[in-house]
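Residue numbers (our numbering): 19 to 777. A virtual CB, placed ideally from N, CA and C, is assigned to each residue, including glycine. Have a look at the structure below, then the notes.
Set out below in structure tokens:
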């Protein structure tokens with residue numbers, strides 16, 4: 019790999035490793051620049067800043083909000099853009115931001131020193147102070163006061179500016195360092211060796227100095243950094259709100275005794291008591307009692323959910339009424355809340371495709387600005403009025419300062435960070451910025467039926483047996499085979515047998531061909547439970563039962579057949595209720611121009627019945643799990659931008675194949691892992707909200723980019739002096755610095771509007 023600082027080739031195989039931290043080996047560039055690399059992963063880590071990161075745990079990884087590939091242990095600045103790095107994971111225990119504290123201190127001290135410089139210089143233009151202080155004396159006083167401002171308070175800008183040149187990553191600090199450095203250096207020479215300048219340049223017997231401009235620019239840039247850092251802290255508010263959901267302690271039951279322990283001391287298997295008004299400490303299952311639980315802080319669902327024995331509960335949700343005992347199942351980083359926090363943090367650091375536009379512009383922007391400053395300087399020296407050097411210097415510095423590209427770089431990541439956080443607070447978990455950006459362009463939505471459009475909990479509806487068979491006997495052997503299956507239909511059949519008090523015999527040789535059914539030996543009988551197609555593959559005829567099945571399917575039921583020793587014994591119909599919110603959600607999506615396609619492995623008649631109730635025109639039925647991804651790929655190849663919504667293991671390939679995969683939070687971990695967006699509540703109305711959020715974020719990004727481009731497009735010519743020939747106006751470098759700082763703050767402020775925008 020290549021060292022980003024010195025350009026040397028660094029090979030882990032030949033470079034001695036220096037130390038190991040948290041299981042990762044680190045080594046340093048042998049060129050002396052101390053760039054720190056991780057043996058794995060391949061992404062480089064930037065040179066560690068030796069400044070302490072106050073109240074941040076040792077080993078905390080920091081990253082850049084604009085360039086997430088930059089990672090290092092400890093605080094510092096990004097070698098690409100120069101911005102202060104931030105902790106990858108936010109903690110409620112984080113103390114004051116070291117960078118903010120440092121910049122604030124520098125700003126106040128610099129401001130106190132700059133005020134007399136500003137008054138002294140401005141006083142020479144407004145009042146006749148030459149009788150009190152000669153121009154030469156004024157220059158020496160300004161030199162004494164402005165030098166610590168520029169060289170001490172503004173030192174971080176020079177360090178980052180030099181680093182940008184050394185790494186060939188020119189950025190805003192390149193321009194700031196050059197602008198203030200040139201103004202200060204020119205003024206130092208004019209003060210120490212005024213004889214080097216021609217008489218035409220002198221005013222009142224002295225060469226004009228620009229200590230005031232260099233100092234004020236430094237103070238204004240520091241002010242901009244302080245405002246920016248404070249605003250950036252607010253973008254982590256969503257994660258801190260999620261972290262704040264978990265209680266600090268839990269009440270553990272140990273025999274007849276109850277004790278309050280720290281949350282970190284809870285282990286899987288502990289019995290915990292949760293009283294009314296308390297937050298649930300970890301993920302688990304209720305073992306005794308019942309209550310109404312407010313899950314809105316995690317799922318976005320405003321109505322409390324009734325929880326009884328056997329029901330799962332989520333850490334961070336609020337127990338409203340009753341007291342209950344729960345068994346801890348997932349603790350620490352394994353809880354859903356911890357996983358949500360981790361996923362939100364990762365998504366906030368990811369890069370949206372639209373960011374490439376800003377990256378492409380930034381690649382040539384700073385060199386173009388430097389060229390523009392040189393041209394402005396040359397034009398004023400050639401065509402400008404006397405003193406030409408003074409005018410040329412003012413114009414050149416103003417162009418450098420006003421064109422700093424910070425606003426352009428912040429335009430996309432700030433909106434993404436706020437948008438992802440807003441989604442997490444409303445039950446929409448966004449895995450990546452790319453998924454968030456693509457979602458607003460989706461024109462085709464492929465929806466799995468079971469568990470997505472329907473509740474996913476089929477219940478026993480009806481049973482019909484052939485002549486010579488008994489309902490209880492057929493249900494007994496069918497439920498015995500299905501007891502080894504995890505399919506929702508299988509659970510419905512087993513539940514019905516349990517409800518009737520039927521004891522189930524043992525099954526041998528169980529097999530469940532994917533998407534077809536199940537087969538096994540029960541009491542020396544070969545029992546098959548499955549679809550008509552599966553029975554056809556086994557050469558088992560349906561006879562008159564085919565008509566009965568069709569009638570049941572037309573009413574929306576799903577039918578499975580039962581065969582014993584190669585002969586049809588009966589059929590079982592199960593019904594899966596349509597989710598109450600499905601119809602309204604699909605209607606809203608259709609009104610937004612989205613084409614809905616139902617994709618299911620169920621029988622066509624059943625699928626058509628559900629589709630008719632939901633107003634879905636396109637149905638892909640009887641699709642095997644391994645064929646679902648092919649359907650999605652076919653739609654994409656036809657030019658459609660496809661989102662796939664599913665909840666099962668068999669949906670995972672299709673979710674991965676879609677432009678945007680959307681998983682129901684009530685589904686399997688595999689489906690959630692394959693998707694770019696997860697609806698924690700498993701409610702399609704959240705899907706509509708997620709699409710609106712995507713539109714809002716992209717609109718916000720476009721506003722930021724337009725503002726940044728328009729600002730620079732208009733600011734550079736004005737700073738160069740285009741208004742001077744007509745209106746006699748030449749932009750002061752100080753005003754340019756103020757405008758530059760406010761542009762970055764304005765972009766962040768616009769992004770923060772997403773936190774409360776109507777969606």
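- With a cut-off of 8 Å on Cβ pairs, the region 293-307 is not in contact with the region 228-242, counting fewer than three such pairs.
- The straight-line gap separating the alpha-carbon atoms of residue 136 and residue 418 is approximately 21 Å.
- For residue 577, the uninterrupted beta strand (DSSP E) segment begins and ends at 576-582.
- Residue environment analysis places residue 87 among the exposed positions, since fewer than 16 neighbouring C-beta atoms fall within 10 angstroms of its C-beta.
- Minimum Cα-Cα distance from residue 551 among the listed residues 628, 534 and 540 corresponds to 534.
- Contact between residue 665 and residue 700 is confirmed by a C-beta separation of about 7 Å, below the 8 Å threshold.
- Residue range 89-91 is occupied by the beta strand (DSSP E) that includes residue 91, with no alpha helix (DSSP H) assigned at that position.
- Around the beta carbon of residue 124, a 10 Å sphere encloses 16 or more other beta carbons of the protein chains shown; the residue is thus reported as buried.
- Looking from the CA of residue 671, the closest CA among 655, 660, 683 and 650 belongs to 650.
- Beyond the five residues adjoining it in sequence on each side, residue 506 comes within less than 8 Å, by CB distance, of 468, 469, 474, 475, 476 and 594 in the same chain, given in chain order.
- In the three-state reduction of the DSSP assignment, residue 597 falls in the coil class.
- Rounded to the nearest whole angstrom, the CA to CA distance from residue 571 to residue 351 is 45 Å.
- Note on geometry: alpha-carbon atoms of residue 95 and residue 101 lie some 5 Å from one another.
- The residue among 213, 98, 355 and 175 with its C-alpha nearest the C-alpha of residue 154 is 213.
- Residue 279: member of the beta strand (DSSP E) spanning 275-280, first to last residue.
- Linking residue 206 to residue 248 through their CA atoms gives a straight-line distance of about 34 Å.
- Residue 239 places its beta carbon less than 9 Å from that of residue 172.
- The DSSP assignment places 489-500, 506-517 and 550-555 as complete runs of the alpha helix (DSSP H) inside the region 483-566, in order along the chain (cut-off: 4 residues).
- One alpha carbon belongs to residue 729, the other to residue 676, and they sit about 38 Å apart.
- Rounded to whole angstroms, residue 278 and residue 291 show a C-alpha spacing of 10 Å.
- A distance below 9 Å separates the beta carbons of residue 537 and residue 547.
- Of the candidates 209, 532, 188 and 130, 188 places its Cα closest to the Cα of residue 97.
- Closest in C-alpha terms to residue 642, from the list 549, 606, 710 and 721, comes 549.
- The DSSP-derived three-state label of residue 79 is strand.
- Here residue 722 carries a helix assignment [DSSP, helix/strand/coil].
- The residue among 753, 613 and 718 with its C-alpha nearest the C-alpha of residue 733 is 753.
- In the three-state reduction of the DSSP assignment, residue 768 falls in the helix class, which pools H, G and I.
- Its Cα nearest to that of residue 164, the residue 237 stands out among 268, 626 and 237.
- Within the region 609-655, the runs of alpha helix (DSSP H) at least 4 residues long that lie entirely inside it are, in chain order, 622-632 and 643-655.
- Under a 10 Å Cβ-count criterion, residue 199 is classified as buried, with 16 or more other Cβ atoms of the shown protein chains found around its own Cβ.
- Inter-residue distance for residue 748 and residue 413 is about 8 Å (C-alpha atoms, whole angstroms).
- With 16 or more other Cβ atoms inside 10 Å of its own Cβ, residue 313 counts as buried.
- When C-beta atoms of the region 614-632 are compared with those of the region 441-450, fewer than three pairs fall below 8 Å, so the two segments do not count as touching.
- Within the same chain, and ignoring the five residues on either side of residue 579 in sequence, the residues whose Cβ sits closer than 6 Å to its Cβ are 553 and 589.
- In the three-state DSSP reduction, residue 179 falls in the helix class (H, G or I).
- Taking a C-beta distance under 9 Å as the contact criterion, residue 607 and residue 463 qualify as a contact pair.
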